[in-house]
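With the numbering used here applied, the sequence shown covers 39 to 155. Even for Gly, the Cβ is constructed at its ideal location relative to N, Cα and C. A quick write-up on the structure given underneath.
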Amino acid sequence: MRYMLLIYVNEAAMAAAPTDKTYEISAAYGAYTEALKKSGAWLAGDRLKPTQAATSVRMANGKTNVLDGPYADTKEQLAGFYMIEAEDADAAIAWAARCPAASTGTVEVRPIWELTM
């Protein structure tokens, strides 16, 4: 079954991190990604640009409303994702626990609802 690992972090804290900490975090993500790939669990994944680059779109009364930035003001922001293949939810949770963000932010594990057409 496919799962999304949605990575939430505090953007302000990440932006304020010293350069050596940033390199350390990047290395940890590189190792984690490599472990996912070697295991065969990795399907896709990437970082997201900061929320200042986001656009939120809503339809109301037939009118498109476009807002710059994220719609919700939250303590943590969606910063990236991994799409993985896992035997079950427990296996997906085990991968999420190994993600570097699990120790500083939140990793949401969500099963993908497969479309049947």
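Limits of the beta strand (DSSP E) - the one that residue i falls within
i      : result
LYS101 : 101-106
MET42  : 40-47
ALA140 : Run containing ALA140: none; DSSP gives neither H nor E here.
THR93  : 93-98
ILE122 : 115-123
LEU81  : 80-85
Residue i: first and last residue of the uninterrupted alpha helix (DSSP H) it sits in
i      : result
ILE131 : 127-136
GLU62  : 57-77
Whether residue i touches residue j by CB criterion (7 Å)
i      : j      : result
TYR46  : THR144 : yes
ALA135 : VAL147 : no
LEU86  : ALA117 : yes
TRP133 : ILE150 : no
ALA124 : TYR41  : yes
Proximal residues to residue i (C-beta, below 7 Å), its chain only, five neighbours per side dropped
i      : result
GLU114 : TYR46, VAL47, ASN48, GLY143 and THR144
Beta-carbon proximity list for residue i, same chain, < 6 Å, skipping 5 on both sides
i     : result
TYR61 : none
Presumed contact (8 Å Cβ cut-off) between residue i and residue j, rounded CB distance
i      : j     : result
TYR120 : LEU74 : 7 Å
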